[in-house]
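Numbering (the numbering used here), first residue to last: 193 to 1088. Below is one structure; the comments refer to it alone.
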């Protein structure tokens, strides 16, 4: 068989170009759905039945025509994709990496870590064929959402939707594991939206009977925007023109909201007015105001007026805007807040996301698998996607102390916890900044910290007020122990002027918990991110991230939360906000602030609130100001690494206010829950929780308040200093003189600035012929370094010795023409003159290669001169490199 050489010659450039191109671009995402979706074969999805959807609560099937909320099919990553994501997440936070703060767009994420376009189109077509509507593939191609009826769900996924009565609350949920076509096995591995056991809002209302008895002096009866600005030194940023202008902050919700609540709050505290479109009930239907935007991220949930969602949304919208008062607050609404944040991340709605909802880790089946990787490309995977996009995700750490699974506070007649040690998720995620709660100690409600008159923005705080951990059960007990008569005594004995049924006289934190329930900041060690295969018990928590460089007595190497804390108590003193009267349990309708802020405070149930639902949007607002201060319009991504780095040098930078007194202990039923590992159960003492005094010696971190609260101005300044940190590289002498054939050391100083401690490496280039420059070893501290310069004397050898591996180069050079010759002449029995000429050309090129391989190289001049290094003036270029930062110095060399 004869090979036509001209064809080979023509193909060679194309083949070389294709090979080169493939090394420079990402390969097209391969299809993972290999079979037909209509084959009839199915597989069940693990972890998609809510643990409260059990037969003992089952009330039978729902109406088949019942409309479901947003349903989401979640897809998995390949092992290679997850490995690449882990590597990129680290690189984006490493200043030495070329990928530092290079965030991904949704489309870039899709091309690298999502499914193929074909796979997404096939799933969308299958859903459409089953009658579903509002089919929305994720831009990141890692999930697909849709809506439909209960009957359509049963037909497509093989599970009935039933009603379940749990603790007197009626819910719906799938009664069995859903199934998907077998062709989707390993691709679709989870579903959301088949039940309405929704994340709970974290807002805690002021105890009506307690106000105003706890404080006879009336100092600091509540906190308004002006107070938060003074306490956390935000006012200094305002005075410098940093108010969030040009920035965006997204708040997650699961209810429609009333325009009047938001406008009354903004008007009452001198914030910019907003204009939106509403329906006849005053509910916002659309809005794109410079300071407020409404986005529907899924099925419209309507107004949820009996679940606390309206007051939660009002609190989050109003207080994020009260801190970042010049920013645009974007309210993302959907059938549940997790659907909201999936939408916000996938569409890169804003560089900061605030979420005041969550579950305890045990109640979320979509966190980590047994290997510690995100399950089903679910919740943890979506949070990683947020970090890759440069989004800062802020979440409340919970309001049930160290027992976050006991969120209802109605688990027993004495309000004792029964679900064991637990932390809240997503706050426990390494991709999220968990925000806990603090309170003002009783001793600090004095004129030392508060004025009796308010400023125009409601402020009466004179500056920072020392805080303690938020635990209202303990603080109310402390208050009651000092009461012997009057209204305060009446409250402690019977709950107010009108006795509260079942009230027990408060003389301890246990009695306070029995009367008002658990009211304390969430915090602790992650322990249930990994669960058993049937999700019936906890196995372990998130491993400790590398940036969480804290050591706590008695604790292992796991993720700790919260990261920071701010005022969250509803009682000591509590936040003012505006919401519907119905949300407060008061008579009438409309906004509680319709008559003004002062009028609202005189209501039977004044609009005062707390919980980590308040502290989370406050910190989200601070991060938004930080973005403006640092000109980080693309976002800062996961801020936790920098927070812990800065805390390691506190108090020198003043960025944090340590909170080291108090605890988040709760009363519990000894031995419960029996289904969990012994370490998670309530001990025999009947008390579980953590003390703020058990703190890391370097950062001040503890399991109750994290790193403490933040001085916003000092944090911004300290963070900005890190952006200009690095190293300086200076020469100790402008020039050096040296004789032919001698050597000298050029000394330069490397100075680390602003705590910079990364490795700096060196190179040098000497322009003098027949001389060498040897660079010093790498360093990571301030020091002097020496570059050794050696010149060659006159009458030196004409050529430098060849490289030690020259023999190998000769071998490769000799092989090259032979290999090429074989490739272009193989298969031909007769050698044409043209073939022989071509082969001769290749041999000549090979010989040239052999000649080149004998030439040496170095930092000095080449061979060929017999006079050594000539006398004269030369320049030595020295480089110091760390990551992508390169600093260069030029040294003058005079050879005498």
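We put the beta carbon where it would ideally sit given N, CA and C, even for glycine.
Task: In chain order, each alpha helix (DSSP H) run of at least 4 residues that lies wholly inside the region 496-576 - done: Correct list: 501-515 and 529-538.
- [ ] Could you work out which residue in 593, 319 and 732 is closest to residue 664 when comparing CA atoms only?
- [x] Here the closest residue by C-alpha is 593.
Open item on the list: I'd like to check one pair, residue 750 with residue 733: are the Cβ atoms closer than 8 Å?
Closed with: With contacts defined as CB atoms closer than 8 Å, residue 733 and residue 750 qualify as a contacting pair.
Task: C-beta contact flag for residue 856 and residue 881 at 8 Å - done: With contacts defined as CB atoms closer than 8 Å, residue 856 and residue 881 qualify as a contacting pair.
Task: Whole-angstrom C-beta distance between residue 486 and residue 556, which should lie under 8 Å - done: Not quite, the Cβ-Cβ distance comes to about 28 Å (not below 8 Å), so this is no contact.
Open item on the list: Which residue wins for smallest C-alpha separation from residue 443, given the options 736, 948, 502 and 414?
Closed with: The shortest CA-to-CA distance from residue 443 to any of 736, 948, 502 and 414 is the one to 502.
Task: Same chain, Cβ closer than 6 Å to residue 531, neighbours up to 5 away in sequence not counted - done: In chain order, 262 and 490 place their CB closer than 6 Å to the CB of residue 531, counting only its own chain and leaving out the 5 sequence neighbours on each side.
- [ ] Quick one: grab the DSSP three-state call for residue 485.
- [x] Here residue 485 sits in strand by DSSP.
Open item on the list: Check whether the region 454-461 and the region 508-528 are in contact - that is, three or more C-beta pairs closer than 8 Å.
Closed with: These segments touch.
Open item on the list: Quick check: what's the CA-CA separation for residue 1069 versus residue 830?
Closed with: When rounded, the separation of the alpha-carbon atoms in residue 1069 and residue 830 is 38 Å.
Task: Rounded distance between the beta-carbons of residue 951 and residue 837, thought under 8 Å - done: About 17 Å separates the Cβ atoms of residue 837 and residue 951, ruling out a contact at the 8 Å cut-off.
- [ ] Using the Cα positions of residue 504 and residue 453, report the straight-line distance between them to the nearest angstrom.
- [x] Here the C-alpha atom of residue 504 lies approximately 12 Å from the C-alpha atom of residue 453.
Open item on the list: I need the straight-line Cα distance from residue 961 to residue 1066, nearest angstrom please.
Closed with: Residue 961 and residue 1066 have their C-alpha atoms spaced approximately 9 Å apart.
Task: Other residues of its chain near residue 765: CB distance less than 7 Å, five sequence neighbours each side excluded - done: Within the same chain, 412, 413, 414, 415 and 632 come within 7 Å of residue 765 by CB-CB distance, once the 5 residues on both sides are set aside.
Task: CB-CB length for residue 1095 against residue 240, believed under 8 Å - done: There is no way to answer for residue 1095, as the model of the chain reaches only from 193 to 1088.
Task: Straight-line Cα distance separating residue 949 from residue 979 - done: Going from the Cα of residue 979 to the Cα of residue 949 covers about 21 Å.
Task: residue 879 (DSSP reduced to helix, strand or coil) - done: Residue 879 carries a strand assignment under DSSP once its states are collapsed to helix, strand and coil.
Open item on the list: Taking 6 Å as the limit between beta carbons, can you name the residues of its chain near residue 1072, skipping five residues before and five after?
Closed with: Here residue 1072 has 921, 952, 954 and 1079 as same chain residues with Cβ atoms under 6 Å from its own Cβ, once five neighbours each way along the sequence are excluded.
Open item on the list: Suppose contacts are defined by Cβ-Cβ distances below 8 Å. Is residue 627 in contact with residue 807 by that definition?
Closed with: Yes, these two residues count as a Cβ contact at 8 Å.
TODO: May I have the straight-line CA-CA distance separating residue 826 from residue 579, to the nearest angstrom?
DONE: Rounded to the nearest angstrom, the two C-alpha atoms are 12 Å apart.
Open item on the list: Can you determine whether any heavy atom of the ligand ADP sits closer than 7 Å to the C-beta of residue 334, and answer yes or no?
Closed with: Absence of the ligand ADP from the depicted structure is noted, as is the absence of any ligand whatsoever, leaving it without description.
Task: Residue span of the beta strand (DSSP E) that contains residue 259, given as start and end - done: For residue 259, there is no enclosing beta strand (DSSP E), as DSSP marks it with neither H nor E.
- [ ] State the Cα-Cα distance for the pair residue 903 and residue 741, rounded to the nearest angstrom.
- [x] Cα to Cα, the separation comes out at about 21 Å.
- [ ] Using a Cβ cut-off of 8 Å (strictly closer), state whether residue 765 contacts chain D.
- [x] In the structure shown, chain D does not exist; there is a single protein chain.
Task: Separation of residue 650 from residue 461, as counted between CA atoms - done: So the two alpha carbons sit approximately 7 Å from each other.
Task: residue 288: first and last residue of the uninterrupted beta strand (DSSP E) it sits in - done: Unbroken run through residue 288: none, as it is neither H nor E.
- [ ] Decide if residue 850 is buried, meaning its Cβ has at least 16 other Cβ atoms within 10 Å, or exposed.
- [x] Under this definition residue 850 is a buried residue.
Task: Alpha-carbon spacing of residue 387 relative to residue 368, whole angstroms - done: Distance between the alpha carbons of residue 387 and residue 368 is about 12 Å.
Open item on the list: Please state whether the Cβ-Cβ distance between residue 1145 and residue 625 is less than 8 Å.
Closed with: Residue 1145 falls outside the range modelled here, since the chain spans only 193 to 1088, and no answer is possible.
Open item on the list: Quick check on the DSSP output: the alpha helix (DSSP H) that includes residue 423 runs from which residue to which?
Closed with: Per DSSP, residue 423 belongs to the alpha helix (DSSP H) from 417-423.
Task: For residue 963 and residue 1061, believed in contact at Cβ under 8 Å, the rounded distance - done: Your pair residue 1061 and residue 963 checks out as a contact, with CB atoms roughly 5 Å apart and the cut at 8 Å.
Task: Local conformation of residue 930 per DSSP, three classes - done: In the three-state reduction of the DSSP assignment, residue 930 falls in the strand class.
TODO: Have a look at residue 481 and residue 475 and give me their C-alpha separation to the nearest angstrom.
DONE: So the alpha carbons of these two residues sit roughly 16 Å apart.
Open item on the list: What does the Cβ neighbour count give for residue 527, buried or exposed, with the cut at 16 atoms within 10 Å?
Closed with: Residue 527 comes out buried.
- [ ] Please look up how many angstroms separate the CB atoms of residue 477 and residue 469, rounded, as I've assumed it's under 8 Å.
- [x] The pair is a contact, with the Cβ atoms about 5 Å apart (cut-off 8 Å).
- [ ] Would you mind sorting residue 275 into buried or exposed? The rule is 16 or more other CB atoms within 10 Å of its CB.
- [x] By the 16-neighbour rule on beta-carbons within 10 angstroms, residue 275 is exposed.
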